[in-house]
Amino acid sequence: MSCLNAVVEQVREKLNLLPEWKNLEEFVGEFQAIWLKLGQIVQQQLVQQKIEAIEAQYQGARTKKEKRYYTPLGVMVLKRRLYPTLLGYIAKVDQELGLPSSKWLPQVLELACACRGSYGSESRLFK
Numbered sequence: 035m036s037c038l039n040a041v042v043e044q045v046r047e048k049l050n051l052l053p054e055w056k057n058l059e060e061f062v063g064e065f066q067a068i069w070l071k072l073g074q075i076v077q078q079q080l081v082q083q084k085i086e087a088i089e090a091q092y093q094g095a096r097t098k099k100e101k102r103y104y105t106p107l108g109v110m111v112l113k114r115r116l117y118p119t120l121l122g123y124i125a126k127v128d129q130e131l132g133l134p135s136s137k138w139l140p141q142v143l144e145l146a147c148a149c150r151g152s153y154g155s156e157s158r159l160f161k
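Numbering-wise (the numbering used here), the sequence shown opens with residue 35 and increments by one.
Structure representation (structure tokens):
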């Protein structure tokens, strides 16, 4: 429940940043940008907290490594601890939380495929 309270508090703070508006299109654009950024921040915080809670159970790691994941809300940068094994270093939490080895989440790949099919080239879409 404390997680939900933190999310609600961040929403309140962000909503106070919305400027005065006189045009619906302007308001929707501002609101969407703020909501997207807020979603990205909250998503990253929630996942990072879960990673840290799981890693607290393990011992022997000193090294932290960042990994970027591309989500529908934007880039999520997570820090995971690496543990030495006979085959090199592994991030145990990757397997425990089902973090994909690819940096692209399936939802983002689906969106990219849909855009490519509709527009022919995603580069034209984002110009």
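Beta carbons are placed, not taken as given, at the ideal position from N, Cα and C, and that holds for glycine.
Item, Value
"Chain-order list of residues whose beta-carbon lies under 7 Å from that of D128 (same chain, five-residue window excluded)", "R114"
"CB contact flag (G122, Q74, <8 Å)", "no"
"Reference V41, options Q91, Q77, Y92, K137, closest by Cα", "Q77"
"Stretch pair the stretch 44-63 + the stretch 85-99: three plus CB contacts closer than 8 Å", "no"
"Run of the beta strand (DSSP E) containing K113, from where it starts to where it stops", "108-119"
"Residues near T11 by beta carbon distance below 6 Å, same chain, minus five either side", "Because the chain spans 35 through 161 in this model, residue 11 falls outside it and cannot be assessed."
"Terminal residues of the beta strand (DSSP E) in which K126 lies", "Here K126 belongs to no beta strand (DSSP E); instead the alpha helix (DSSP H) covers 126-131."
"Chain-order list of residues whose beta-carbon lies under 6 Å from that of K101 (same chain, five-residue window excluded)", "L112"
"Local Cβ density within 10 Å of E89, reported as buried at 16 or more and exposed below that", "buried"
"DSSP three-state assignment for W138, whether helix, strand or coil", "strand"
"Delimiting residues of the beta strand (DSSP E) encompassing E100", "97-105"
"Contact with chain B by N50, beta-carbon distance below 8 Å", "In the structure shown, chain B does not exist; there is a single protein chain."
"For G122, three-class secondary structure by DSSP", "strand"
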